[in-house]
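Have a look at the structure below before the remarks.
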Amino acid sequence: MEIKTSEIFGIPFLSADMRTAVDYAFRKAEEKPVTVVTPNAEILYQAGRDAALREAVDRADLALPDGVGVVMAGKILGRPVERKLAGVEFGDAVIGRAAETGKSVYFLGAKPGVAEKAAANLREKHPGLIVAGCADGYFGDDAAAASRVRESGAWILLICLGSPKQEIFMERFRNETGCRLAAALGGSLDVYAGNAKRAPRWMIRLGLEWLYRLVREPKRFGRMMKIPRVLFRALGIRLFGEGKKKDRG
Ligand code: UDP
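Here the sequence shown is numbered in my numbering, starting from 1 and rising by one per residue.
Below, the structure is given as structure tokens:
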């Protein structure tokens with residue numbers, strides 16, 4: 001199955017709709033263990049500075065443009081993606097497909113109790129969902145956490161540890177967990193559990209979800225200042241070319 005991608009700061013972001021993203025991930029997972037990353041502009045920026053994060057993102061099988069910052073950077077670079085693909089929506093769509101096809105899911109991340117609550121809500125939303133296991137994201141021993149996933153026999157692993165921990169964990173234990181499909185989804189478990197709310201639809205439609213998050217959590221301001229830096233960098237590349245600096249965000 002061929003997919004269309006747009007290269008933004010060296011990362012081939014999927015340029016397609018959500019259905020294509022899910023189809024591709026499931027099909028590819030039949031061949032080999034697949035990893036999916038969902039970089040927003042902050043992660044894109046960080047990947048230019050953190051070699052381990054960069055490597056994990058580079059090795060992923062699928063990168064979804066999670067955020068208007070990435071979408072705008074693509075436009076500025078003259079390589080637009082078709083649309084924003086939010087990780088939290090991808091996770092939900094993957095769970096829906098898992099429930100239809102009888103594939104089991106392991107939920108890893110967030111504070112104690114959140115993964116269980118998220119799994120219960122998702123089981124209600126997607127009847128037939130098989131939950132292989134749940135664990136919070138505050139474990140000391142990464143290898144032990146990965147082997148607990150393997151013991152569960154899960155086909156799918158949703159990893160919500162925040163960035164860069166989740167991307168690095170996912171790549172490092174790609175084979176050890178025994179899962180066919182793994183996705184790094186940031187704060188998604190908090191949303192599925194009902195502890196964090198997404199922006200109202202009209203704000204998402206206008207590309208203002210970042211503003212909603214900023215108003216709810218003003219401490220994110222520092223992190224979000226990376227968005228304009230990514231856009232300036234994209235504009236610099238478009239106007240003046242790569243220059244001496246490598247195209248890495
Ligand atoms: N988290 C975790 N283990 C850690 C650090 C963070 O499980 O060691 C969780 C945290 O509880 C939250 C998620 O990772 O549920 C990160 O959320 P955030 O909103 O920062 O993610 P974003 O989507 O913005 O990357």
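Glycine included, every Cβ here is placed at the ideal spot set by N, Cα and C. On a predicted model such as this, the values are computed, not experimentally measured, just so you know.
Buried or exposed for residue i, please, with buried defined as at least 16 other CB atoms from any protein chain shown within 10 angstroms of its CB.
| i | result |
| --- | --- |
| Phe13 | buried |
| Val149 | buried |
| Glu167 | buried |
| Gly194 | exposed |
| Gly127 | In the sequence on display, residue 127 carries Pro and not Gly. Exposed, because fewer than 16 other Cβ atoms sit within 10 Å of the Cβ of Pro127. |
| Tyr138 | exposed |
| Val215 | exposed |
| Leu53 | buried |
| Phe90 | buried |
| Pro39 | buried |
| Ala51 | exposed |
| Lys244 | Residue placement at Lys244 is poorly supported in this model, since its pLDDT is 48, which falls under 50; the coordinates are not used for a value here. |
Pull up the distance between the alpha-carbon of residue i and that of residue j, whole angstroms please.
| i | j | result |
| --- | --- | --- |
| Lys125 | Gly186 | 21 Å |
| Gly78 | Gly140 | 43 Å |
| Glu242 | Arg123 | 48 Å |
| Gly87 | Ala93 | 10 Å |
| Ile11 | Ala144 | 31 Å |
| Gly236 | Gly102 | 48 Å |
| Arg27 | Ala99 | 16 Å |
| Lys219 | Glu31 | 42 Å |
| Ala119 | Arg213 | 24 Å |
| Phe169 | Asp142 | 7 Å |
| Leu158 | Leu44 | 20 Å |
| Leu181 | Ala25 | 7 Å |
| Met203 | Glu209 | 6 Å |
| Arg229 | Glu151 | 43 Å |
| Val71 | Thr177 | 32 Å |
| Leu108 | Ala184 | 10 Å |
| Val57 | Leu85 | 16 Å |
| Cys160 | Ala63 | 16 Å |
| Asn121 | Met225 | 34 Å |
| Pro200 | Phe221 | 20 Å |
| Phe240 | Arg198 | 38 Å |
| Val36 | Arg223 | 22 Å |
| Ala110 | Gln46 | 21 Å |
| Ser163 | Cys134 | 19 Å |
| Asp61 | Lys165 | 18 Å |
Tell me the DSSP bridge mates of residue i?
| i | result |
| --- | --- |
| Cys134 | Phe107 |
| Ala56 | BP columns for Ala56 are empty, so no partner. |
| Pro12 | Glu7 |
| Thr35 | Ala182 |
Closer than 8 Å by C-beta to residue i: which residues in its own chain qualify, once you throw out the five before and the five after it? Chain order, please.
| i | result |
| --- | --- |
| Glu82 | Lys4, Ser15, Ala16 and Asp17 |
| Asp23 | Met1 |
| Val114 | Asp136, Leu189, Asp190, Ala193 and Asn195 |
| Ile8 | Leu44, Pro65, Val70, Ala73, Gly74, Leu77, Arg79, Val81 and Ala234 |
To which residues of the same chain is residue i closer than 6 Å at the C-beta, ignoring the five residues directly before and after it?
| i | result |
| --- | --- |
| Ile227 | Ala41 and Gly69 |
| Ser104 | Ile130, Ala132, Ala154 and Trp155 |
| Pro112 | Asp136 |
| Pro80 | Gly74 |
| Lys117 | Ala193 |
| Leu211 | none |
| Phe173 | Ala146 |
| Arg59 | Glu171 |
| Gly207 | Val68 |
So, at 7 Å on beta carbons, what are the nonlocal neighbours of residue i in its own chain, with the 5 sequence-adjacent residues on each side left out?
| i | result |
| --- | --- |
| Asn175 | Pro33 |
| Ile76 | Leu231, Ala234, Leu235 and Arg238 |
| Thr20 | Ile3 |
| Arg97 | Val22 and Phe26 |
| Ile95 | Val105, Leu122, His126 and Leu129 |
| Ser6 | Phe13, Ser15, Gly74, Arg79, Pro80 and Val81 |
Is the Cβ of residue i closer than 9 Å to any Cβ of chain B?
| i | result |
| --- | --- |
| Gly207 | Here there is only one protein chain, and chain B is not present. |
(request) Write down every uninterrupted run of the alpha helix (DSSP H) in the stretch 111-166 whose length is 4 residues or greater and which is fully enclosed by it, in chain order. (result) 114-125 and 142-152
(request) Only counting runs of 3 or more residues, tell me where the beta strand (DSSP E) segments fall wholly within the stretch 55-89, in order along the chain. (result) none
(message) Report the start-end ranges of each beta strand (DSSP E) in the stretch 180-225 that is 3 residues or longer and not cut off at the edges.
(response) 181-184
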